[in-house]
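Below: one structure, written as C-alpha cells.
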Amino acid sequence: MEQRSFDRLGRHVGIIGLGAWQLGADWGEVSEDDALAVLAAAVDAGVTFLDTADVYGDGRSEALIGRFLRSRPGHGLTVATKMGRRVEQTPEAYTLDNFRAWTDRSRANLGVDTLDLVQLHCPPTAVFADDRVFDALDTLVDEGRVAGYGVSVETCDQALTAIARPGVASIQIILNAVRHKPLEQVLPAAAAAGVGIIARVPLASGLLSGRYDENTTFPANDHRTFNRHGESFDVGETFSGVDYDSGLAAVRRLAPLVGDDRTMAQFALRWILDQPGVTVVIPGARSAEQARRNAEAAGQPALTEVELAAVRATYDELIRPQVHDRW
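Below you can see the structure in the form of C-alpha cells.
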C-alpha cells in the first residue's frame with residue numbers, strides 16, 4: 003500500500019487506515035472475535051494506522067487493539083488514540099493531571115509504554131487558544147507518555163488554529179464527498195506546516211457506502227439512530243451533518259460513475275485520497291470483508307477529471323447549503 007508521511011512524527015503510514023469507533027460497540031454490537039477479525043483483515047491488507055479513543059466502548063476499542071498488538075509482535079503499526087471526552091466539556095478540565103491519568107489508562111489498555119499519537123478529542127473551541135493546554139501536551143512528550151500529539155476537530159477554524167501550534171503533529175477532520183470545506187484552507191495550511199491530515203468520517207457514517215435507502219433502519223444503540231439530530235454530540239458527526247434524504251440523493255447522483263470494478267465506498271475513499279494534503283483516511287469496518295474492501299481503494303486508479311467534477315457539482319447543488327458554512 004502507498005505510504006504517506008506524518009512529518010512531525012517522523013512516521014510513514016499506509017494511506018488507508020482503520021477507524022475503530024465501531025469496535026467499541028457504539029454502532030451496534032460487535033463481538034470480540036469479529037473485532038479481532040476486522041483488525042487482522044485490515045492489517046493483512048496493508049493497513050498500518052489504527053485510530054481509536056479512550057471513550058469508544060469506555061476503553062473496549064483500545065483494549066481489543068492492545069490484545070491484537072500482543073498477537074503481532076514486531077507489527078510496525080501506528081496506533082492513534084484520543085482523550086478529553088471523559089469529563090464535562092469545559093476548558094478547565096484540560097489539565098496536565100487529567101492528561102496524565104487519561105494517557106496512563108490508554109497506555110494500559112493498549113499495553114504500551116508510549117502512545118504513538120494522542121489527540122484531543124474535539125475539545126471546546128477555547129482550548130485551542132490556551133497555551134497551558136499545549137504546554138501540558140509538550141510535557142507528556144517530555145515524560146515519554148506519548149511520542150506526539152494532535153487534535154481532532156469539528157470545524158475548519160479550529161483546525162487552522164491548531165495547525166499554527168508548533169507541536170501539533172496531526173489534525174483529524176471530517177472530509178468526504180459531502181464535506182468539502184477543508185479543501186479550501188485546512189489542507190493547504192497543514193501541508194505547508196508539515197502537519198498530517200487524518201480524514202475521518204470518510205463514508206459519512208456509511209451514507210456513502212451506497213447500501214442505505216429511505217427504508218433502512220439502525221439499532222437503537224447506534225448513533226445513526228440516537229444522534230441523528232445532535233441529541234448526544236455534535237450533529238456533524240452523524241452522516242457528516244447532512245440531511246439523510248439529501249445524502250441519499252447525492253449518492254444516487256454519483257452511483258453511475260462507480261462502474262463495475264469498484265464499490266461506492268471505494269469510489270468515495272478514492273476521492274479523499276486524491277485530495278492533496280491528505281495523509282491517511284480512516285474508514286471503519288464491522289466485518290473482515292468490509293476492512294479488506296476498504297483497503298483495496300488504496301490500489302485503485304485516481305478519479306478522472308470528469309469524476310472529480312461530478313463530485314464537486316453534486317456537492318455544490320445538493321449539499322453545500324446545509325454544511326459548508328457550519329463546520
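Be aware that the sequence shown starts at 3, since it is given in this note's numbering, and climbs by one per residue. All residues carry an ideal CB built from backbone N, CA and C; glycine is no exception. Source: prediction; values computed, not measured.
Residue environment, residue i, which counts as buried when at least 16 other CB atoms sit within 10 Å
i	result
T157	buried
N178	buried
H231	exposed
E34	exposed
E64	buried
D118	buried
S242	buried
G12	exposed
E216	exposed
P285	buried
S211	buried
R213	exposed
D144	exposed
G146	exposed
S154	buried
G78	exposed
T316	buried
A47	buried
Which of helix, strand or coil DSSP assigns to residue i
i	result
S7	strand
F241	helix
N100	helix
N178	strand
I17	coil
A206	coil
A27	coil
G61	helix
V32	coil
D247	helix
D236	coil
M70	Per the sequence presented here, residue 70 reads as Phe, with Met not at that position. If DSSP states are grouped into helix, strand and coil, F70 belongs with the helices.
V45	helix
A252	helix
A37	helix
The alpha helix (DSSP H) enclosing residue i, as first and last residue numbers
i	result
L189	188-195
C162	Correcting the residue identity first, residue 162 is Leu in this sequence and not Cys. Looking at the DSSP string, the run of the alpha helix (DSSP H) that includes L162 is 158-165.
F228	225-228
R322	322-325
Cα-Cα separation, residue i to residue j
i	j	result
D52	A311	Looking at the sequence shown, residue 52 is not Asp but Leu. Looking at the two C-alpha atoms, the distance is approximately 31 Å.
R264	C124	33 Å
G59	A27	6 Å
T163	G196	15 Å
R102	A287	30 Å
V244	A257	18 Å
A267	A299	8 Å
A297	S207	17 Å
L142	V148	6 Å
I165	V120	15 Å
E291	A43	8 Å
Segment limits, beta strand (DSSP E) that includes residue i
i	result
S154	151-154
T83	80-85
D53	51-53
In the region 255-317, which residue ranges form an unbroken alpha helix (DSSP H) of at least 4 residues, counting only runs that do not cross its ends? Unbroken alpha helix (DSSP H) runs of no fewer than 4 residues, entirely contained in the region 255-317, are found at 266-275, 290-298, 307-316, following chain order.
Just list the beta strand (DSSP E) runs in the region 89-149, keeping only unbroken ones of 3 residues or longer that don't cross its boundaries, in chain order. 119-123
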